[in-house]
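Beneath this line is the structure, given in structure tokens, with notes to follow.
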Amino acid sequence: DRGVWVCDHKTVKTLPSEQELYMDMQTLMYYEACRLDEKLVKLLKGKKLAGVVFNHIRTKAPKEPQVLKSGGISKAACDTDVATYFETVKKNGLDINDYKDMLDKLKGNIFFRRTKIPVSETTIGILKKEIIATLDEIDVLLENTEVYPRTLLKGRCAWDCEFAPVCFGELAGMNVKGLIEEQYEPKESREEELDVE
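Shown next as structure tokens:
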């Protein structure tokens, strides 16, 4: 736990695995950016960055379990946690001992998790090489105006990509020229953007 940790807060539908977090290139690059930022290095006063801390909170709060007509609490599957379940038991004046079997069923239902991922020089070195290789591929592809390989990520395109309608249209065999003209504006080149004050 010694050292300084780069912290990333996220709301998620389901909590990611630790392995997924080790492969979160974006946040690992935040770590590298912090490590190289001169102002931040001065603020750290000699302390080293140790890694990344992910704080994940589920987008849905734990649900209260259903109160049965008999006055008891339902033991059926419910998207809740231990605290919420037993709070409902107490609130209804019931004996907690009658619901002890729910502890094992619910202990894996987590709605907030903090995960620390230590970051090594090896990891950062590999990621930097891969980013540079990707940039080289982009440069080659920019010279070819006929083919633009797409990155299809199930579940992300609809909420994370402003070009999803064009991408889907092309894959469906549609002529997307009109869609592009109607919904998009040509962007200046990177060089022209940098000259703008």
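Using my numbering, read the sequence shown as starting at 81 and increasing by one per residue. Idealized CB from N, CA, C, for every residue including glycine.
Its Cα nearest to that of L129, the residue E201 stands out among K267, I260, A244 and E201. Pairing V169 with L124 gives a Cβ-Cβ distance that is not under 8 Å. With contacts defined as CB atoms closer than 8 Å, V199 and Y110 fail to qualify as a contacting pair. By the Cβ criterion, the region 161 to 176 is not in contact with the region 131 to 140, since fewer than three pairs of Cβ atoms, one from each stretch, lie closer than 8 Å. Rounded to the nearest angstrom, the Cβ distance from I190 to L95 is 6 Å, consistent with a contact under 8 Å.
When DSSP assignments are scanned along the region 110 to 175, the uninterrupted stretches of beta strand (DSSP E) that are 3 or more residues long and fall wholly within it turn out to be 129 to 138. Residue environment analysis places D240 among the exposed positions, since fewer than 16 neighbouring C-beta atoms fall within 10 angstroms of its C-beta.
In this structure, the straight-line span from the alpha carbon of A113 to that of K187 is close to 37 Å.
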